[in-house]
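Below you'll find the structure, written out as structure tokens, and then a few comments.
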Ligand code: GLU
């Protein structure tokens, strides 16, 4: 099977959209590469007294529309190219939902599950000491991503503020509520995805009765709960995480499964469903499929067996380009990552606004504003699908690229 370099995939997506928009060569060059890349080695003291050195990155893909924005990922399989791709997708994401922000991403190559809490804290603080000159309000605002969380954001903010010698809650987002976080951030990515599914179901006349979740982490768990809460129906028939899969055609109790996952660390051996191979979850006969794991899970190997009517990409880059074409041919409606997973960064932006004004909103205000942003973005992408006669991912990329290119032109960069 063909293996993909995520950054080359992202570059191809941008170039394809740019060609349809008839953008000039200098604009295409500018939008194909990160504006700034920082690479660091982080020496960290381990609990046993030894020192380990971790490779880390922060990449600011484009800042024409505003400061860079995007998460920091702690994962052993990251490379400079995966971070570049993720940074590019963040720039597109913030543009698709029309936030006054650019896109960026950071990463530390490590297996956080093998680190103790204290080691994780030292690593998080070391990362911020290395990046401090390059991040901050008006420059680049990090947030969590895979295997990072509000506790890590709290350590990172504290380290930044110690260096700056003043409060800077807006330096990063998805902080705990007690120290400048916002209501509604924890389920924002999933909520945004479910809002997009609601819009897609209305547009395509699909009843979202059955669904499956690939990747039962934070976004996957919240999507399962919110699918039922916001759409008022829906049977979870399959779910999986990195350790295994579950299937029950009669429906899995979502709350029980979330509790089980939080207590045992996995969905494996959950009593309310049958164990199945992890990858079979993608191929279940469901109305809605939520890929909520890592890049490239939907490939040409499994795309031909996918039966879902709608795919809502909560993960970043879950579908390879070959698979994309196959899904399009099969008439499956894909809500692409740069739209479906934009709820997280949208509420991050709300958090920045609240930190800047010290006026904190009630939860229902966050939910209403998120709904408005996502609904509008979904409809804008639908319009682009109709107008340009392209599939949803290309349409969303066209919307994002057009907005970034316009900002670059206005600034006189191209
Ligand atoms: N890591 C999330 C994403 O990929 C959120 C980024 C943010 O809030 O800045 O969209």
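In this note's numbering, the protein residues as written are 17 to 430. Don't be surprised by glycine CBs; every beta carbon is placed ideally from N, CA and C. In this text, all values refer to a predicted model and were calculated from it rather than measured experimentally.
Nearest to residue 305 by CA position, among 157, 113, 334, 404, is which residue? In the chain shown, counting from the first residue as 1, residue 305 sits at position 289. In terms of CA proximity to residue 305, 334 leads the group 157, 113, 334, 404.
For residue 389, which option in 219, 82, 110 has the closest C-alpha, if you only look at C-alpha atoms? Numbered from its first residue, the chain shown carries residue 389 at position 373. Checked all of 219, 82, 110; the closest Cα to residue 389 is 110.
Cβ of residue 86 within 6 Å of any heavy atom in ligand 1? As a first step, residue 86 must be located in the chain shown, where it is residue number 70. Placement of the Cβ of residue 86 at a distance of less than 6 Å from at least one heavy atom of ligand 1 is found.
Is residue 191 near residue 169, with beta carbons less than 7 Å apart? The residue you call residue 191 lines up with position 175 of the chain shown. The residue you call residue 169 lines up with position 153 of the chain shown. Going by C-beta atoms, residue 191 is nearer than 7 Å to residue 169.
Beta carbon of residue 161, beta carbon of residue 87: below 7 Å? On the chain shown, position 145 is the one that residue 161 refers to. On the chain shown, position 71 is the one that residue 87 refers to. For the 7 Å CB-CB criterion, residue 161 and residue 87 form a contact.
Taking the alpha carbon of residue 90 as the point to measure from, which residue in 163, 361, 347 has its own alpha carbon closest? Locating residue 90 in the chain shown gives position 74, where the first residue counts as 1. Selection 163, 361, 347 evaluated against residue 90 yields 163 as nearest (Cα-Cα).
Is residue 161 near ligand 1, going by C-beta to nearest heavy atom under 6 Å? Mapped onto the chain shown, residue 161 falls at position 145. Correct: residue 161 has its Cβ closer than 6 Å to ligand 1.
Where residue 330 sits in the DSSP three-state scheme: To locate residue 330, count along the chain shown from 1; it is residue 314. Of the three classes helix, strand and coil, the one that applies to residue 330 here is coil, per DSSP.
Is the shortest distance between the beta-carbon of residue 294 and the beta-carbons of chain B less than 7 Å? Looking for chain B here will not work: only one protein chain is present.
Do residue 206 and residue 238 count as a contact pair if the criterion is CB distance below 7 Å? Numbered from its first residue, the chain shown carries residue 238 at position 222. Numbered from its first residue, the chain shown carries residue 206 at position 190. Taking C-beta atoms as the reference points, residue 238 and residue 206 count as a pair closer than 7 Å.
Distance CB(residue 80)-CB(residue 420) smaller than 7 Å: Sequence index remark: in the chain shown, residue 80 carries index 64 (1-based). Sequence index remark: in the chain shown, residue 420 carries index 404 (1-based). With a cutoff of 7 Å on beta-carbon distance, residue 80 and residue 420 are scored as near each other.
Would you call the CB atoms of residue 228 and residue 300 closer than 7 Å? For this step, residue 228 is matched to residue 212 along the chain shown. For this step, residue 300 is matched to residue 284 along the chain shown. Judged by beta-carbon spacing, residue 300 lies within the 7 Å limit of residue 228, meaning their Cβ atoms are closer than that value.
In three-state terms, what does DSSP make of residue 249? Taking the first residue of the chain shown as position 1, residue 249 is located at position 233. When secondary structure is reduced to three states using DSSP, residue 249 falls in the coil class, being assigned neither helix nor strand.
For residue 56, collect the residues of the same chain with a Cβ closer than 6 Å to its Cβ; drop the 5 residues on either side in sequence, then sort them by chain order. Here the question's residue 56 lines up with position 40 in the chain shown. The answer, listed in chain order, is 72, 146.
Who are residue 70's beta bridge partners in DSSP? Along the chain shown, read from residue 1 onward, the residue named residue 70 stands at position 54. Beta bridge pairing from DSSP links residue 70 with 58.
From the DSSP output, in three-state form, read off residue 348 for me. The residue labelled residue 348 in the question sits at position 332 within the chain shown. Correct three-state label for residue 348: coil.
Given the structure, does residue 361 come close to ligand 1, in the sense that its CB is under 6 Å from one of the ligand's heavy atoms? Against the chain shown, residue 361 aligns to sequence position 345. Residue 361: yes, Cβ under 6 Å from ligand 1.
Could you check whether residue 329 and residue 198 sit closer than 7 Å to each other, using their CB atoms as the reference points? Position 182 of the chain shown holds residue 198. Position 313 of the chain shown holds residue 329. No, the Cβ-Cβ distance between residue 198 and residue 329 is not below 7 Å.
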